[in-house]
Structures are given as C-alpha cells and as structure tokens.
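Numbering (UniProt numbering), first residue to last: 1 to 153. What follows is a short report on a single structure.
Pasting the structure below:
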C-alpha cells in the first residue's frame, strides 16, 4: 500500500498544468481511515455558509456552543458583511470582543477568514466522535456507506 489508496472517486475532474484528475471521494491510509468528501459551497454569503466554512466552531476559542457571527472589523467602524470580515464566534467571545478590533480586545483568530472556492474539501479522521458529528451536521455521504461496517449508527 502506498501513502493512501483511493477507494472511490467523484465523477468530476480538476485540472492543473500537468493534466486533469478525478477528485477522490474516499481514501484509505495505513493508520486510520481517512474520508474525503467534496461539497459544493454556494457562493452566497449567509450565516449558514459562514458557520460551515468555520467548521461550526468559534474562531476564537473553538467552542461549538451558542454560535453567532462576528465582524472582525466591527460594523460600527466600517467593517462590511463580506467573507473576509465575518467569522463564527460563540456569544461569550463575541460579547468580549464587542466593538473592539482584535488588537484592542487582545484576541486572535484561529484562522484567517476567506471566501470559499467552488468546492470545499472536508477531510476528517473517521473516529466514532467525528462520525457522529458529521452525521449530525451533514448526514452520511452516499460514497461512504459501502465502507462502513454494520448498520448505520
């Protein structure tokens, strides 16, 4: 076995200067099962798409509870409703930051917010906890079903 075996491909391809390649849907790696799921992201800017982009977790403290949308540059200071200025924040962090800049609030983002590409790729280790989280948030991808042991959890 190489670094990874591709078990399933999507029908669509991506192109690079060296050629066109099919997008893997399911990979198997020696140490654990790694699943890759392609998901088309609508380009419309919405609360739901911000939450999805940020993995349904606060971009300041990683909490998954009581999530809101925060303007990195506050709206009152000219911050706009755009991908690069919006992040998922728990209500506690959003309140703590308030009308301040990141520097004034002494807070740091886990990652810099960016707009989505046509396809976002989700790659997660398939632990029981990750499996339950994915199932709860996104449902089971059809491509995974034949590789899962036993009945659907």
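Ideal Cβ placement from N, Cα and C applies to all residues, glycine included.
The C-alpha of residue 12 lies about 43 Å from the C-alpha of residue 77. In summary, residue 5 is exposed, with fewer than 16 beta-carbon neighbours lying within 10 Å of its beta-carbon over all protein chains present. For residue 91, the secondary structure class from DSSP, reduced to helix, strand or coil, is helix.
Proximity to residue 85 across 91, 97 and 72 peaks at 72, based on C-alpha coordinates.
Taking C-beta atoms as the reference points, residue 27 and residue 45 fail to come closer than 8 Å.
Shown here for residue 61: same chain residues with a beta carbon closer than 8 Å to its own, the five before and five after excluded, namely 90, 92 and 93 in chain order.
Counting only runs of 4 or more residues that sit fully inside the UniProt domain "HNH nuclease" (45 to 95), the alpha helix (DSSP H) segments are 47 to 53, in chain order. Between residue 97 and residue 105, the gap from beta carbon to beta carbon is short of 8 Å.
In terms of Cα proximity to residue 103, the closest of 82, 116, 58 and 74 is 74.
Listed as beta-bridge partners of residue 143 by DSSP are no residues whatsoever. DSSP places residue 133 in the helix class (H, G or I) of the three-state scheme. Residue burial is scored here from C-beta neighbours: residue 59 has at least 16 other C-beta atoms within 10 angstroms and is therefore classed as buried.
Distance from the CA of residue 145 to the CA of residue 100, rounded to the nearest whole angstrom, comes to 47 Å.
The C-alpha of residue 135 is placed about 9 Å away from the C-alpha of residue 141.
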